[in-house]
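Colleague: Take this structure, written in structure tokens, and hold onto it; I'll ask about it next.
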Amino acid sequence: EKIVTAAKQRLLGTPILEVLRSSHKLIEQLRKVCNDEAIDKAIKKVSLKTRWPALHRMTNLSLVVPLYSNLTPAEVDGGGAAGSPFSPNAPTIASWGDSVEVMGSLQRPKKVAILGSDGVKCGPL
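If you read the sequence shown in this note's numbering, its first letter stands for residue 5, the second for the next number, and so on.
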């Protein structure tokens, strides 16, 4: 906890702090989706907007869509801005698909779709 507090103090006023905050909120909301066991076993699809409205409202995030192509670093000399190995043009999370598929296995995992800032629907997450 001390390390996180010290890091936040050093990052105050930087865009990185907002990314960290958004990441933390997103993780909390996705955990709620994953751990929701109150869905009847006969139900195969639920509405994200009605079941998990806080996640549905998390739009236009500065977080990159978690796809292999966006998270794989390029060669250092051909990387992104300021020597970053990641592309500065990687799409970010713009919104969420409303239909969440609930799979029928024992753990009842849920499939959530993401709409990227490039207009491409990615999923399932």
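Even for Gly, the Cβ is constructed at its ideal location relative to N, Cα and C.
If you're wondering where the values come from, they're calculated on a predicted model, not measured in any experiment.
1. Between which two residues does the beta strand (DSSP E) harbouring I97 extend?
2. Note the first and the last residue of the continuous alpha helix (DSSP H) segment covering S66.
3. In terms of residues, what are the limits of the alpha helix (DSSP H) holding V23?
4. I need the DSSP call for L71, collapsed to helix, strand or coil.
5. Measure from the alpha carbon of Y72 to the alpha carbon of each residue in W56, P128, P113, I43, then state which is nearest.
6. Let me confirm a value: I20 is counted as buried when at least 16 other C-beta atoms fall within 10 Å, else exposed. Which label applies?
7. Going by DSSP, what residue range makes up the beta strand (DSSP E) through L52?
8. Given this structure, state the Cα-to-Cα distance separating G108 from K48, to the nearest angstrom.
9. Which residues in the same chain as S51 place their Cβ atom closer than 6 Å to its Cβ, once the five residues preceding and following it in sequence are excluded?
Modeller: The structure says:
1. First-last of the beta strand (DSSP E) with I97: 97-100.
2. No alpha helix (DSSP H) contains S66, which DSSP labels as neither H nor E.
3. Segment 19-38, the alpha helix (DSSP H) holding V23.
4. The three-state reading of DSSP puts L71 in coil, since its state is none of H, G, I, E or B.
5. Comparing alpha-carbon positions, the option among W56, P128, P113, I43 lying closest to Y72 turns out to be P128.
6. Burial call: exposed.
7. Counted as a single uninterrupted DSSP element, the stretch harbouring L52 is not any beta strand (DSSP E) but the alpha helix (DSSP H) occupying residues 52-55.
8. Spanning the alpha carbons of G108 and K48 requires a straight line of approximately 8 Å.
9. So the qualifying residues of the chain are D102.
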